[in-house]
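Here is the structure we will look at, set down as structure tokens.
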Amino acid sequence: MFLRRLNLSHFRNYRDAELSLDSRKVIIVGDNAQGKSNLLEGIQFLSTLKSYRTSREQDLVYNQQGNAEIGADIIRHHGDYNLGIRIPVKGKRELWVNGQRLSRHIDFLGIVNTVLFSSLDTDLVRNAPEYRREWLDNLLLQLEPIYTAILREYNQVIKQRNSLLRLWRNRGITNSEMLEMRIWEEKLAENACRVMRRRKRAIERLKPLAQLWHNKLSDEKEKLEIIYQPNVEFEEEEEVEKIRGRIREKLEMKRNTEIQFGATLVGVHRDDIGFFINGKSVRHYGSSGQQRTLVLALKLGEIQLIEQVVGETPLLLLDDVMAELDLQRQNNLLHCLGSRFQTFITTTHLNHFCDSIIQDAQIVKVEQGRLLY
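Okay, so the sequence shown: first residue is 65 according to this note's numbering, each after it adds one.
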């Protein structure tokens, strides 16, 4: 997979910027707050239709006026794609592939695959479970674009059920509303089961890859374990109906507590993923160096997993991470990457890189939302 052209119009601090690419190593250099991360954000948005820095799409629009636009030319083994995204301050985004406007997001997802490693990624280790769920979900929607529809339907079910729980708490519910509750619970069990099985399968596929990279990065001094921790326990080989039954049983058991809170306390929105080094929780006991090494191993594992499933190498986005790594880890990382991946690296200084890396790379300077190269 190769990104040949990127155009950003009224996106973040870019009024109109076009980047033509001819190298598999792209180093984006500039002072802080000039737009380096915005550039990677635009590339990453092409793969997930979400920003890794904000949940408010209007924040992506220059001065929050008009529309932001992202354009790209992507080369893949099975063909070339011209992509377009329009993000309005208000209303729904619009998507184009090869000049044709799409009515479904799922037809856009999967054309571009990215793996992002940013200085914010250690949050997925040390912060709340929602960070780990979001990380896993973003990986899954690239492996299986239909996953975004499954997750969206699940979230809609939770929203409807929570409304009924609040009614129940405030005034009780009628027989017809109780019937509606049963319907939503059936849908919850159905969609939760679909999410759980996919999350568990993804972790089981990613784990040996990440463990291999972690062994290399830690000089085989540490043993990594990754465990999917679902809110409702199940075995992967269990029949679907048995898993759904477990979910329904837990909903019955928790119902009185849920009424008090006016919120659903059972389901995949309360899952977690545990990371352990030598048997100890990295979240609670890991050093900052161990946390960074873990995240790096996860990202390198993601690259391999996407390549195995999709059949092509994804774009690798390294957002201000070189300064986070010591010299040995920097060299290990660049050596591991080689030239198989098109890699975009942001940095404030080129002195993080040896001469051979700089000679092989396309250097792009960013200055107040302008690209100089």
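The C-beta atom is built at its ideal place from N, Cα and C for all residues, glycine as well. On a predicted model such as this, the values are computed, not experimentally measured, just so you know.
Three or more Cβ pairs closer than 8 Å define a contact, and the segment 417-424 falls short of that threshold against the segment 75-86. Residue pairing for F181: DSSP places it in a beta bridge opposite L382. Per DSSP, D424 is not a residue of any beta strand (DSSP E); the alpha helix (DSSP H) it occupies stretches across D419 to D424. Residues of the same chain with a CB within less than 7 Å of the CB of I107, apart from the 5 flanking positions on each side, are L67, L70, T178, L379, L381 and F408 in chain order.
If you draw a straight line from the Cα of Y292 to the Cα of Q355, it comes to about 18 Å.
Listed in chain order, the non-local C-beta contacts of K287 below 6 Å within the same chain comprise N342, local neighbours out to five positions each way being set aside. Residue pairing by DSSP places I175 opposite no residue, since no beta bridge is assigned to it.
Note that the C-beta distance between V90 and A136 is not below 9 Å. In the structure shown, the three-state DSSP call for D123 is helix.
Distance from the CA atom of Y116 to the CA atom of N255, rounded to whole angstroms, is 25 Å.
Beta bridge pairing from DSSP links F66 with I139.
Every unbroken stretch of the alpha helix (DSSP H) spanning 4 or more residues and falling wholly within the segment 234-302 is given here in chain order: 239-281.
Per DSSP, the beta bridge partners of I151 are A132. Note: T410 is bridge-paired with I92 and D383 in the DSSP secondary-structure output.
Nearest Cα to V373 within the set R265, K156, I222 and R246: R265. When DSSP reads this structure, R165 sits in a beta bridge with W160.
Measuring C-alpha to C-alpha distances from R120 to each of I151, G99 and H141 identifies I151 as the nearest.
In the three-state reduction of the DSSP assignment, E376 falls in the coil class. Taking a C-beta distance under 9 Å as the contact criterion, Y218 and L173 do not qualify as a contact pair. If you ignore the 5 residues before and after R347, its C-beta comes within less than 7 Å of the C-beta of V189, R190 and F339, all in its own chain and listed in chain order.
The C-beta distance from D95 to T410 rounds to 11 Å, too long to meet the 8 Å contact threshold.
Under the three-pair Cβ rule at 8 Å, the segment 233-251 does not count as touching the segment 296-307.
Each residue's CA atom was taken as its position, placing Q394 and H333 some 36 Å apart. Judged by DSSP in its simplified three-state form, E208 adopts coil rather than helix or strand. K363 places its beta carbon less than 9 Å from that of L180. Within the same chain, and ignoring the five residues on either side of E133 in sequence, the residues whose Cβ sits closer than 6 Å to its Cβ are S73 and R150. Ranking L397, L159 and E376 by CA distance to the CA of V385 puts L397 first. Pairing S101 with M260, the inter-Cα distance amounts to about 33 Å. Inside the segment 316-354, DSSP marks whole beta strand (DSSP E) runs of 3 or more residues at positions 336-341, from first to last along the chain. For H416, same chain residues with a beta-carbon under 8 Å away, outside a window of 5 residues either side, are M386, A387 and Q394 in chain order. Annotation: D86 is outside any beta strand (DSSP E) and is labelled neither H nor E by DSSP. DSSP places L113 outside both helix and strand once states are collapsed to three, so it counts as coil.
A distance below 9 Å separates the beta carbons of I337 and W199. H141 is classed as exposed because its beta carbon has fewer than 16 other beta carbons within 10 Å across all chains shown. By the beta-carbon neighbour count (other beta carbons within 10 angstroms, threshold 16), R76 is buried. For the pair of segments examined, the segment 228-240 was found not to touch the segment 207-217: the number of CB pairs separated by less than 8 Å stays below three.
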